[in-house]
Amino acid sequence: MDLALCAQRLPASLAALAAGRLTLAKLRVLIDHLGPLDEAPAAEVESAVLPRAESQTPGGLGVSLARAVLAVDPAAAERRGEAAVRERTVTLSPERDGMAGIYALLPAEEALRVYQALTNTANALVRDHVTPDAPAAADDAGHDDGGEVDGRTLDQRRADVLVDLVLDAPMAQHRARTRCSGHDTPAPGRPRWGSAPTTVHVTVAWTTLAGLDRQPAHLAGYGAITAETARDLAADATWRRILTDPKSGTVLDVGTTTYAPPAAMARHVRTRDGTCRFPGCRQPARRCDLDHVDPFPTGPTAVGNLAAQCRTHHRIKTFGGWTVSPRPDGTLTWTSPTRHSHDTAPPELPTPSFAIDRAWPRAA
195 MDLALCAQRL PASLAALAAG RLTLAKLRVL IDHLGPLDEA PAAEVESAVL PRAESQTPGG
255 LGVSLARAVL AVDPAAAERR GEAAVRERTV TLSPERDGMA GIYALLPAEE ALRVYQALTN
315 TANALVRDHV TPDAPAAADD AGHDDGGEVD GRTLDQRRAD VLVDLVLDAP MAQHRARTRC
375 SGHDTPAPGR PRWGSAPTTV HVTVAWTTLA GLDRQPAHLA GYGAITAETA RDLAADATWR
435 RILTDPKSGT VLDVGTTTYA PPAAMARHVR TRDGTCRFPG CRQPARRCDL DHVDPFPTGP
495 TAVGNLAAQC RTHHRIKTFG GWTVSPRPDG TLTWTSPTRH SHDTAPPELP TPSFAIDRAW
555 PRAA
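Quick note on the working numbering: the sequence shown kicks off at 195 and runs consecutively.
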């Protein structure tokens, strides 16, 4: 979509750009998401997301747009999703200095599981001090010496695990031969390649699960997904109830008098936040610390005073001169040492459709 077409299809966005309320980077995000839509749904999505766009980062605006695009025409979104799945592929890209890149285009939930499996196995190597590119050592009694301490970064381990898993090299390297049977058996303490459990977290309204509406669900680590995809994932899943405000979708508060949040509260906060709450950071909340916005014990251990922060941005808040102010709706205002302020809001979670009040059968 060029600027002339943008002026015709997205006049409010172009006006916001001219007035300085919208950056060129955000306009590009709007064009990328709304370009494939017909004129009427594009205008509807534009009017829905534009009021918040000024305070959002380009990444945050993209998250809002993805959800709004799915919500405005669920049937069309599912058709686009079916077409997109047919485009799945793996490609090879030569890089400099003897390197090459492998790119896989997959359905989001499958890509997340693959990435999590690589991460889980890479982390298991460190826990068990395994060096996957060297054979497991054993003494004459058959005892494993535990392997070498791994000095690689997580990214390096993930890359090596991917190669080993695809080429099946470690199945020979990481098996200890038992003297009594002569058969290969897994060495004690070695990770079973590809067997680390993987999970994906989906937040979906119960009315959507019941087939009463088709509003988008939220896939943690990715963003909005169609109702059909959410129902497929929920068919073989463990469910946990999350209570949200019926109007705003804000996760309702629970509290405790201890410093460390209980497991249920921690899940609650990570589900609400989705990612690190620092402006522009997309680190998944499941890998983040839970920070007391108002430090404990002055600030309570409660959903409204906890925020997911990756370790880097947690340290920036604690030691780097940044301050954070919460609002009742879950928005955090981050103020830098130079006194510039940036707002971040948790993603809008799915809430039950209220058309159900008219459609749900009532007892006589």
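Just so you know, even glycine gets a beta-carbon here, dropped at the ideal spot from N, CA and C. Predicted model, so just to flag it, every value in this text is computed and none were measured.
Practice item. May I ask you to report which of helix, strand or coil DSSP gives residue 253? Key: Within the sequence shown, residue 253 is the residue found at index 59, counting from 1. If DSSP states are grouped into helix, strand and coil, residue 253 belongs with the helices.
Review point. What's the C-alpha gap between residue 488 and residue 526?
Key: For the purposes of this step, residue 488 is taken as the residue at position 294 of the sequence shown. For the purposes of this step, residue 526 is taken as the residue at position 332 of the sequence shown. When rounded, the distance between both Cα atoms is 12 angstroms.
Review point. Using a Cβ-Cβ cut-off of 7 angstroms (strictly less than) and excluding sequence neighbours within five positions of residue 416, which residues of its own chain qualify?
Key: Translated into positions along the sequence shown, residue 416 becomes position 222. Counting only Cβ-Cβ distances below 7 angstroms, and skipping sequence neighbours, we find 302, 306.
**Study point:** Uninterrupted beta strand (DSSP E) stretches inside the segment 451–515 (no shorter than 3 residues)
**Key:** 483–486, 500–503
Check your understanding: With a Cβ-Cβ cutoff of 8 angstroms, do residue 471 and residue 496 count as a contact?
Key -> For the purposes of this step, residue 471 is taken as residue 277 along the sequence shown, with counting starting at 1. For the purposes of this step, residue 496 is taken as residue 302 along the sequence shown, with counting starting at 1. For residue 471 and residue 496, no; Cβs fall outside 8 angstroms.
Check your understanding: Pairing CB atoms from the segment 232–246 with CB atoms from the segment 204–223, are three or more of them under 8 angstroms?
Key -> yes
Point to revise | Residue of 428, 296, 291, 508 minimising C-alpha distance to residue 285 | key: Numbered from 1 along the sequence shown, position 91 holds the residue referred to as residue 285. Closest by alpha carbon: 296.
Point to revise | Sheet register partners of residue 520 (DSSP bridge) | key: As a position in the sequence shown, residue 520 is number 326, starting the count at 1. Residue 520 is bridged to 526.
Check your understanding: With DSSP run on the structure shown, which of helix, strand or coil describes residue 221?
Key -> For the purposes of this step, residue 221 is taken as residue 27 along the sequence shown, with counting starting at 1. Looking at residue 221 - three-state DSSP - the assignment turns out to be helix.
**Study point:** Exposed unless 16 or more other CB atoms sit within 10 angstroms - verdict on residue 299
**Key:** Within the sequence shown, residue 299 is the residue found at index 105, counting from 1. When all chains shown are included, residue 299 counts as exposed.
Practice item. Under 7 angstroms Cβ to Cβ from residue 289, same chain only, skipping five residues before and after it: list those, please. Key: As a working note, residue 289 is residue 95 in the sequence shown. Closer than 7 angstroms at the Cβ level, and outside the excluded window around residue 289, lie 295.
Practice item. May I have the straight-line CA-CA distance separating residue 266 from residue 407, to the nearest angstrom? Key: As a first step, residue 266 must be located in the sequence shown, where it is residue number 72. As a first step, residue 407 must be located in the sequence shown, where it is residue number 213. Approximately 12 angstroms between the Cα atoms of the pair.
Review point. Beta-carbon separation of residue 268 and residue 420 under 8 angstroms?
Key: Within the sequence shown, the letter at position 74 stands for residue 268. Within the sequence shown, the letter at position 226 stands for residue 420. The answer is yes: Cβ separation under 8 angstroms.
Point to revise | residue 460 versus 425, 474, 429, 503, residue with shortest Cα-Cα distance | key: Residue 460 sits at position 266 when you count from the first residue of the sequence shown. Ranking the options by Cα distance to residue 460, first place goes to 503.
Review point. Since residue 299 is in the beta strand (DSSP E), which residue starts that stretch and which ends it?
Key: Position 105 of the sequence shown, counted from the start, is the residue given in the question as residue 299. In the DSSP assignment, residue 299 falls within the unbroken beta strand (DSSP E) covering 294–299.
Check your understanding: Is residue 483 closer than 8 angstroms to residue 462 when the C-beta atoms are compared?
Key -> The residue you call residue 462 lines up with position 268 of the sequence shown. The residue you call residue 483 lines up with position 289 of the sequence shown. The answer is no: Cβ separation not under 8 angstroms.
Exercise for review: Thinking residue 223 and residue 541 are a contact (beta carbons under 8 angstroms), I'd like their distance in whole angstroms, please.
Suggested key: By 1-based counting over the sequence shown, the position of residue 223 is 29. By 1-based counting over the sequence shown, the position of residue 541 is 347. In fact, because the Cβ distance is near 16 angstroms, the residues do not count as touching under 8 angstroms.
Exercise for review: Quickly, what does DSSP pair residue 581 with across the bridge? List them, please.
Suggested key: With the chain covering 195 to 558 only, the question about residue 581 has no answer from this structure.
Practice item. Might you give, ordered along the chain, the residues of its own chain that have their beta carbon closer than 8 angstroms to the beta carbon of residue 499, omitting 5 neighbours on each side? Key: Walking along the sequence shown from the start, residue 499 turns up at place 305. Correct list, in chain order: 486, 487, 488, 493, 520.
Point to revise | Length of the line joining the Cα atoms of residue 394 and residue 413 | key: Counting from one through the sequence shown, the residue named residue 394 turns up at place 200. Counting from one through the sequence shown, the residue named residue 413 turns up at place 219. Taking the straight line from one Cα to the other gives about 7 angstroms.
Check your understanding: What is the DSSP secondary structure of residue 244, counted as helix, strand or coil?
Key -> Along the sequence shown, one-based indexing puts residue 244 at 50. Three-state result, residue 244: helix.
Check your understanding: Opposite residue 538 in the DSSP bridges: which residues?
Key -> Counting from 1 along the sequence shown, the entry for residue 538 is found at position 344. Beta-bridge pairing links residue 538 to 526.
Exercise for review: For residue 216, name the three-state secondary structure that DSSP assigns.
Suggested key: Here residue 216 corresponds to residue number 22 of the sequence shown, with the count starting at 1. Here residue 216 sits in coil by DSSP.
Point to revise | Cα-Cα separation between residue 283 and residue 314, rounded to whole angstroms | key: In the sequence shown, the residue the question calls residue 283 occupies position 89. In the sequence shown, the residue the question calls residue 314 occupies position 120. Between residue 283 and residue 314, the C-alpha separation is close to 24 angstroms.
Check your understanding: Cα separation between residue 263 and residue 491?
Key -> Residue numbering aside, residue 263 sits at position 69 when the sequence shown is read from its first letter. Residue numbering aside, residue 491 sits at position 297 when the sequence shown is read from its first letter. Roughly 42 angstroms separates the two Cα atoms.
Exercise for review: State buried or exposed for residue 348, treating a residue as buried only when at least 16 other CB atoms are found within 10 Å of its CB.
Suggested key: Mapped onto the sequence shown, residue 348 falls at position 154. With fewer than 16 other Cβ atoms within 10 Å, it is exposed.
Review point. What residues match up with residue 286 in a beta bridge as DSSP calls it?
Key: Within the sequence shown, residue 286 is the residue found at index 92, counting from 1. When beta bridges are read from the DSSP output, residue 286 appears opposite 296.
Point to revise | Same chain only: Cβ atoms within 6 angstroms of residue 396, ignoring 5 sequence neighbours per side | key: Counted from its first residue, the sequence shown places residue 396 at position 202. If we look at residue 396 and ignore the five residues flanking it on each side, its Cβ neighbours are 411, 413, 424, 427.
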